[in-house]
Amino acid sequence: MTTLYAFDSSDEITQALGRALRMAFLADTNVLAGQYMKQAYDEAISSRGKFTLAISGGSLAKFMGSSIVKDKSIDWTKWHVFFADERIVPLDHEDSNYKLQQAEFFSKTGIPEDQIHRIDPTLEPQDVADDYESQLVKVFANKDTVKIPMFDLVLLGCGPDGHTCSLFPNHEILREDVAWVGLVEDSPKPPAKRITLTLKVVAAAHRIAFVATGEGKQEILKEIFDDHESNLPCALVNKESKDKCSWFCDKAAVKNVMYDTKGKL
1 MTTLYAFDSS
11 DEITQALGRA
21 LRMAFLADTN
31 VLAGQYMKQA
41 YDEAISSRGK
51 FTLAISGGSL
61 AKFMGSSIVK
71 DKSIDWTKWH
81 VFFADERIVP
91 LDHEDSNYKL
101 QQAEFFSKTG
111 IPEDQIHRID
121 PTLEPQDVAD
131 DYESQLVKVF
141 ANKDTVKIPM
151 FDLVLLGCGP
161 DGHTCSLFPN
171 HEILREDVAW
181 VGLVEDSPKP
191 PAKRITLTLK
201 VVAAAHRIAF
211 VATGEGKQEI
221 LKEIFDDHES
231 NLPCALVNKE
241 SKDKCSWFCD
251 KAAVKNVMYD
261 TKGKL
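Every letter in the sequence shown is one number past the one before it in full-length UniProt numbering, and letter 19, counting from 1, is 19.
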């Protein structure tokens with residue numbers, strides 16, 4: 001069952017999200033809340049020796065930049081960061097998710113440059129997707145032995161139409177069940193050409209966290225949580241990932257949602 005947290009303000013979301021990220025990663029097991037998070041830490045660090053994160057763009061960069069970058073106990077050298085989706089534009093373009101995350105988050109950490117996995121926008125669109133998938137293969141071992149990559153955490157936003165990553169409502173990309181990284185060439189919002197993690201990869205993560213705030217999200221969140229027949233991409237992530245998925249929202253965003261909410265981690 002998906003967990004829906006409702007907080008009074010964006011600041012409380014930032015603090016809670018920071019705690020969630022730390023519980024998934026930190027070496028000091030005293031900060032872990034409960035056996036589940038300890039098991040998640042043991043798996044990520046002890047078994048694989050790294051923490052793998054997939055992150056989208058937008059306001060998430062500011063949440064990341066303010067939630068955990070001051071934590072002295074984080075070993076950034078163990079991080080591998082991928083983009084849940086990326087626009088096929090130069091890396092210094094204003095529409096680049098990389099550029100945004102670099103300014104708000106990466107530049108404030110010690111994550112090695114070669115562990116921040118970026119697209120190569122000089123390639124042809126399909127080659128961009130294929131090249132990015134090859135980067136996933138290198139980090140998550142050999143594709144012949146790994147059926148699907150399992151991120152320790154996928155951090156996502158929710159669009160006003162219920163899209164997440166570049167998985168748009170009623171788009172054929174939602175039916176992709178082979179590729180790890182899909183190509184979208186007709187995005188309903190510019191720029192048109194993007195790459196995205198496919199639904200099966202997002203849903204396979206050990207933990208998935210959405211951040212959605214503001215009155216503008218009331219209508220779409222009500223559909224996602226209260227319409228059990230909804231096929232919106234965010235709703236599909238909820239259904240496919242089951243109890244691995246948590247939402248961090250302010251009370252304004254979930255004002256009309258009937259689904260049970262929690263106020264604490």
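Just so you know, even glycine gets a beta-carbon here, dropped at the ideal spot from N, CA and C.
Should Glu124 be labelled buried (16 or more other beta-carbon atoms within 10 Å of its own) or exposed?
Stepping through the sequence shown from its first residue, residue 124 is reached at position 124. Exposed, by the Cβ-count rule.
Assuming Asp85 is part of the beta strand (DSSP E), what are its boundary residues?
Indexing the sequence shown from 1 puts residue 85 at position 85. Note, Asp85: beta strand (DSSP E), Asp85 to Arg87.
Starting from the N-terminal side, write out each stretch of the beta strand (DSSP E) that is 3 residues or longer and does not extend beyond the stretch 112-166.
153-157
DSSP-derived helix/strand/coil call for Val184:
Residue 184 sits at position 184 when you count from the first residue of the sequence shown. The answer is strand: DSSP assigns Val184 an E or B state.
Using CA coordinates, which residue listed in Ala203, Glu240 and Val128 is at the minimum distance from Leu153?
As a working note, residue 153 is residue 153 in the sequence shown. It is Ala203 whose Cα lies nearest to the Cα of Leu153.
Would Lys189 and Ala6 be called neighbours here (beta carbons separated by less than 8 Å)?
As a first step, residue 189 must be located in the sequence shown, where it is residue number 189. As a first step, residue 6 must be located in the sequence shown, where it is residue number 6. Their beta carbons are not under 8 Å apart, which means Lys189 does not touch Ala6 by this criterion.
Measuring only the C-alpha atoms, how far is Asp8 from Phe82?
Here residue 8 refers to the residue found at position 8 when the sequence shown is read from its first residue. Here residue 82 refers to the residue found at position 82 when the sequence shown is read from its first residue. It is roughly 30 Å from the alpha-carbon of Asp8 to the alpha-carbon of Phe82.
In this structure, how does DSSP classify Thr213 when only helix, strand and coil are distinguished?
Sequence index remark: in the sequence shown, residue 213 carries index 213 (1-based). If DSSP states are grouped into helix, strand and coil, Thr213 belongs with coil.
Using a Cβ distance threshold of 8 Å, determine whether the stretch 92-108 contacts the stretch 176-183, with at least three qualifying pairs required.
no
Gln126 to Glu113, Cα distance in whole Å?
Here residue 126 refers to the residue found at position 126 when the sequence shown is read from its first residue. Here residue 113 refers to the residue found at position 113 when the sequence shown is read from its first residue. In this structure, the straight-line span from the alpha carbon of Gln126 to that of Glu113 is close to 24 Å.
Among the residues of its own chain, which have a CB less than 7 Å from the CB of Cys165, if the five just before and after it don't count?
Here residue 165 refers to the residue found at position 165 of the sequence shown. Ser56, Ala84, Asp85, Leu156, Thr196, Leu197 and Val202, listed in sequence order.
Taking 8 Å as the cut-off, does the stretch 207-215 touch the stretch 238-255 (at least 3 CB pairs, one atom from each stretch)?
yes
Beta-carbon gap between Lys70 and Gly49 smaller than 8 Å:
On the sequence shown, position 70 is the one that residue 70 refers to. On the sequence shown, position 49 is the one that residue 49 refers to. No, the Cβ-Cβ distance between Lys70 and Gly49 is not below 8 Å.
Tell me, to the nearest whole angstrom, how far the beta carbon of Met258 is from that of His206; I am working on the premise that it is less than 8 Å.
Here residue 258 refers to the residue found at position 258 when the sequence shown is read from its first residue. Here residue 206 refers to the residue found at position 206 when the sequence shown is read from its first residue. The pair is not a contact, with the Cβ atoms about 29 Å apart (cut-off 8 Å).
N- and C-terminal bounds of the beta strand (DSSP E) containing Phe105:
Within the sequence shown, residue 105 is the residue found at index 105, counting from 1. First-last for Phe105: undefined, no H or E at that position.
Mapping DSSP to helix, strand and coil, what is Ala203?
Within the sequence shown, numbered from 1, the residue matching residue 203 stands at position 203. Of the three classes helix, strand and coil, the one that applies to Ala203 here is helix, per DSSP.
Output the distance between the C-alpha atoms of Ser59 and Leu100, rounded to the nearest integer angstrom.
Taking the first residue of the sequence shown as 1, we reach residue 59 at position 59. Taking the first residue of the sequence shown as 1, we reach residue 100 at position 100. Their backbone Cα atoms lie some 9 Å apart in a straight line.
Ile55, DSSP secondary structure in three states
Reading the sequence shown from its first residue, position 55 is the one you call residue 55. Of the three classes helix, strand and coil, the one that applies to Ile55 here is strand, per DSSP.
Among residues of its own chain, excluding the 5 on either side of Phe51, which ones have a beta-carbon nearer than 6 Å to its beta-carbon?
Here residue 51 refers to the residue found at position 51 when the sequence shown is read from its first residue. Phe25, Ala44, Lys78, Trp79 and Asp152, listed in sequence order.
What's the gap between the Cα of Val254 and the Cα of Leu136?
As a working note, residue 254 is residue 254 in the sequence shown. As a working note, residue 136 is residue 136 in the sequence shown. Roughly 35 Å between the two C-alpha positions.
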